[in-house]
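Here the sequence shown stands for residues -10 to 117, where the numbers follow my numbering.
Beneath this line is the structure, given in structure tokens, with notes to follow.
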Amino acid sequence: MKFRDLFNFDKMLTPLIIKILYYIGVAGSVIGGIVMFFGGFVRAFASGGNILTILGSMIGGMLGGILIIFLGVLMARIYSELMIVLFQIYQNLTAIKKKVVDDAKVVNNEKVVVDDVKVVVEDKPFTE
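Take a look at the structure:
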């Protein structure tokens, strides 16, 4: 991608941004999960209390940390894929439009009027 592509809207910049946001989301999920995982141990020994409180804090921190890692990465992936699918739909529709317009120019060697995507052959209905 070149600098001038930022000012021309011929190429989409957003798929690159979506990938960067995905990596940031994965990193945030992993860091948050690790903090939660070890935070459970810190909370368990800092608060004192009986054995059930200590075990509950440790197990809760471990399970919560693992859940944050897996669910965070999963949600970042799902969100990113949904955004990329929207841009792939746009690219496919653009390709279909280009093909329809290109094909319409040579239908039966007759004069063809192309109005955006609507194709009309003068004096005759468009049939295949």
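Cβ atoms here follow ideal geometry from the backbone N, Cα and C, with glycine treated the same way.
* **Nearest to G17 (by Cα), restricted to the options G49, G38, I57, L41** => The residue from G49, G38, I57, L41 with its alpha-carbon nearest to that of G17 is I57.
* Consult DSSP for N81 and reduce its assignment to one of helix, strand or coil. => Reduced to three states, the DSSP call for N81 is helix.
* Determine the burial state of S36: buried for a count of at least 16 other Cβ atoms within 10 Å of its Cβ, exposed for fewer. => Exposed: under 16 other Cβ atoms inside 10 Å.
* To do: Pull up the distance between the alpha-carbon of G14 and that of I73, whole angstroms please.
  => Going from the Cα of G14 to the Cα of I73 covers about 15 Å.
* Asked: How long is the line joining the alpha carbons of F59 and L10, rounded to whole angstroms?
  -> About 17 Å.
* When DSSP labels each residue in this structure, what does K8 get in the three-state scheme? -> Three-state result, K8: helix.
* To do: Report the residue from I67, N39, G50, L44 whose alpha carbon sits nearest the alpha carbon of F27.
  => When each option's Cα is compared against that of F27, the closest is G50.
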